[in-house]
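**Student:** Here the sequence shown stands for residues 58 to 245, numbered as in my numbering.
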Amino acid sequence: MSSSLTPLGRRICVVGTSGAGKTHVAKALAATLGLKYIDNDAIYITKGLQPAPRDQVYQQLDSETADEGWTFDGNLAEGPDDLLVLGRSDTLVWLDMPRLLAHWRMLTRTVRQILTKEELWHGNTRSWRSLFSANSLLWLVIKNYPAGQRRRLALFNDPQYAGKARIRLGSRRAVDAWLATLGSGPLP
Numbered sequence: 058m059s060s061s062l063t064p065l066g067r068r069i070c071v072v073g074t075s076g077a078g079k080t081h082v083a084k085a086l087a088a089t090l091g092l093k094y095i096d097n098d099a100i101y102i103t104k105g106l107q108p109a110p111r112d113q114v115y116q117q118l119d120s121e122t123a124d125e126g127w128t129f130d131g132n133l134a135e136g137p138d139d140l141l142v143l144g145r146s147d148t149l150v151w152l153d154m155p156r157l158l159a160h161w162r163m164l165t166r167t168v169r170q171i172l173t174k175e176e177l178w179h180g181n182t183r184s185w186r187s188l189f190s191a192n193s194l195l196w197l198v199i200k201n202y203p204a205g206q207r208r209r210l211a212l213f214n215d216p217q218y219a220g221k222a223r224i225r226l227g228s229r230r231a232v233d234a235w236l237a238t239l240g241s242g243p244l245p
């Protein structure tokens, strides 16, 4: 079920907790395989780091995933938009990184984004205030990690998706080795 030797399709969902390396892997797969990259956060988050309206999200995902080849980075749940992406995908890649590694990478990425004032999506940037707020992405990731792991495990074990290639990678070394077999570089 979850071998790094599993053949890839052309509609690939990359899932995992924040800080696992989803964006890097999805972009690397898109570049290596000549596929379109779909940025989950650019669809789900609008100006001011606010959630996009659900109908807008569904319409954009419907349009983006209608193509024959793409990679998508993000976590999929039970909503109709997520089920649309899951239904159209032929490959699921789970970056099942150790909790401390993912949290450390999330923290260092967030601090780097704050210090460099890196533009995220739709002109958004991160601030020190957002890092320490009660709704901080970092805090939400830490708090919701166990539930997210249970959702991803259920997704991978769901018989409904038995026909999809499923690849589960549990370390940076495994991800780097797998990407190397495809001609892509290691995780940053």
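Positions of the beta carbon are idealized from the N, C-alpha and C atoms, including for glycine.
Given Y101, which residues of its chain have a CB within under 8 Å of its CB, disregarding the five upstream and five downstream residues?
**Tutor:** Hits under 8 Å: P108, A109, V114, G131.
**Student:** What number of angstroms, rounded off, separates the C-alpha of D119 from the C-alpha of N97?
**Tutor:** Looking at the two C-alpha atoms, the distance is approximately 13 Å.
**Student:** Does the region 60-80 come into contact with the region 191-206, if we say contact requires no fewer than three beta-carbon pairs (one atom in each stretch) closer than 8 Å?
**Tutor:** Judged by Cβ distances under 8 Å, the region 60-80 makes contact with the region 191-206, as three or more pairs qualify.
**Student:** Would you decide whether M58 is buried or exposed? Buried here means 16 or more other CB atoms lie within 10 Å of its CB.
**Tutor:** Per-residue confidence for M58 stands at a pLDDT of 41, beneath the threshold of 50, marking its modelled position as unreliable; no derived number is given.
**Student:** Just how far apart, CA to CA, sit K93 and A87?
**Tutor:** Each residue's Cα considered, the two are about 6 Å apart.
**Student:** Since L226 sits in a beta bridge, which residues does DSSP pair it with?
**Tutor:** Answer by DSSP bridge pairing, in chain order: L152.
**Student:** Mapping the DSSP letters down to three states, classify P110 as helix, strand or coil.
**Tutor:** DSSP places P110 in coil when its eight states are reduced to three.
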